[in-house]
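Residue numbers (our numbering): 15 to 315.
Ideal Cβ placement from N, Cα and C applies to all residues, glycine included.
The structure presented is a predicted model; accordingly, all values stated were derived computationally and were not measured.
Heads up, the thing below is written out as structure tokens.
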Amino acid sequence: MAKSIKTKAKRALGRGLSELMANAALSEEFSSPDPNKADSKKQISIELIRPNKNQPRKVFSKKPLEELAASIASKGILQPILVRPDPKAPDLYEIVAGERRWRAAQLAQVHEVPVVIGEFTDLEVLEVAIIENIQRSDLNPVEEALGFKQLQEKFLQSQEQLSQALGKSRSYITNALRLLTLPSLVLDWVQEGSLSVGHARAIITTENPSSIARRIVNQGLSVRETEAMVRGVSKKKSVRLDLKKTNNNRKLADTIELEKQLSLNTGHKVTINHKALSGVGVVNISYDSLLELDKICEILS
């Protein structure tokens, strides 16, 4: 007879991540039950298991899955999959931890898989899924950053608290979260492997990261070449700003006398706003009444 493991715990969105990590470790115990206890797990049809729709991990690399499938075909699944009864379909089960093993078992055409059944709330399922993924070494940088963001948003944790709970430096957390400021197109390329995290970090502060990222992909630029290109773009922008500032200062010196002369000739205040780079501008003549406007029209005509 199968043994269902109950893990109902007191939960709150604002609780510490240290407790969350402890519960994740407990979940790992569930996925590695004592082999001497025959009733600590059960075999169920793989068709009765459904993935967690809120799984943070969206990309499962093909080659590692195929390698795991080959191992499963040869030796079976050594660690049971942690599941809970599906809230919307009592006859089915939802994965809490171990989706990668479940996917590989499908590739290996395994009909039944070992599972450990636990009772988890939706929040608990999300906790375990996020931490399980963050702790994986092959998690891509975008998925990792999304995991950090989910932990922050769901459990109201600061970057410092995340750092302490996950055993990663605060700068590591900060740099990971900064990736999420990039356009979705660029993040897709990072997840696909077309861009490295080094490329992504180099273009975060640029005005048009999508355009630069496309150039990197098309030309096969290295991270160093990308950094050099970004420095060049920044330098050109700085030169343009300096030129504009210089020309604006020169404009004030060149036109102030003309503004005075026109003001004397018309009897009204005249200002000239000239754009040196484009050569266009606006002349403003001030008046205080319709009578003065009529006089200005007479002068201009």
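What do you reckon, are the CB atoms on V200 and L209 nearer than 8 Å? yes
If you drop the 5 nearest sequence neighbours on each side, which residues of the same chain put their C-beta closer than 7 Å to that of L176? L31, F162, L165, Q166, I187
Quick one: what's got a C-beta closer than 6 Å to L106's C-beta in the same chain, skipping five residues either side? L62, R64, D100
When DSSP labels each residue in this structure, what does R25 get in the three-state scheme? Summary for R25: the model assigns pLDDT 37, below 50, so the residue's position carries little reliability, and this model does not support an answer.
Can you give the beta carbon distance from H282 to I299, rounded, assuming they're within the 8 Å contact cut? 5 Å
Determine which residues share a DSSP beta bridge with G295 and list them. H288
Quick check on the burial criterion: 16 or more other C-beta atoms within 10 angstroms. Buried or exposed for A83? buried
Given a cut-off of 8 Å on the beta-carbon distance, is the pair I95 and R115 in contact? yes
So I217 and I226 are in contact, right, with Cβ under 8 Å, and what is the actual spacing, rounded? 5 Å
Nearest-angstrom beta carbon gap, N147 and V204 [assumed within contact, 8 Å]: Wrong, their Cβ atoms sit about 16 Å apart, outside the cutoff.
Count the other CB atoms within 10 Å of the CB of T240; is the residue buried (16 or more) or exposed (fewer)? buried
Residues that DSSP places opposite L96 in a beta bridge: A111, V130
For S183, the first and last residue of its enclosing alpha helix (DSSP H): That residue, S183, is in no alpha helix (DSSP H); it is neither H nor E in DSSP.
Terminal residues of the continuous alpha helix (DSSP H) containing Q205? 198 to 206
Same chain only: Cβ atoms within 7 Å of R184, ignoring 5 sequence neighbours per side: Answer for R184: Q173, E174, S177, listed in chain order.
For S59, which option in E81, E108, S75 has the closest C-alpha, if you only look at C-alpha atoms? E108
Where do the ends of the alpha helix (DSSP H) carrying K233 lie? In the sequence on display, residue 233 carries Gln and not Lys. Start and end: 223 to 233.
Is K51 buried or exposed, if buried means 16 or more other CB atoms sit within 10 Å of its CB? Low local confidence applies: a pLDDT of 33 at K51 is under 50, so the model's placement there is unreliable, with the coordinate-based value given in what follows. Under this definition K51 is an exposed residue.
Please state the DSSP three-state secondary structure of V253. The pLDDT assigned to V253 is 48, lower than 50, so where the model puts this residue is not dependable; a value taken from the coordinates is nonetheless given after this. Of the three classes helix, strand and coil, the one that applies to V253 here is helix, per DSSP.
My output table needs one value for S59: the three-state DSSP class, helix, strand or coil. strand
Residue span of the alpha helix (DSSP H) that contains L304, given as start and end: 304 to 314
Tell me which same chain residues have a C-beta within less than 7 Å of the C-beta of A87, skipping the five on either side of it? A122
Limits of the unbroken alpha helix (DSSP H) element including V73: Taken as a continuous stretch (DSSP letters only), V73 belongs to no alpha helix (DSSP H), as it is neither H nor E.
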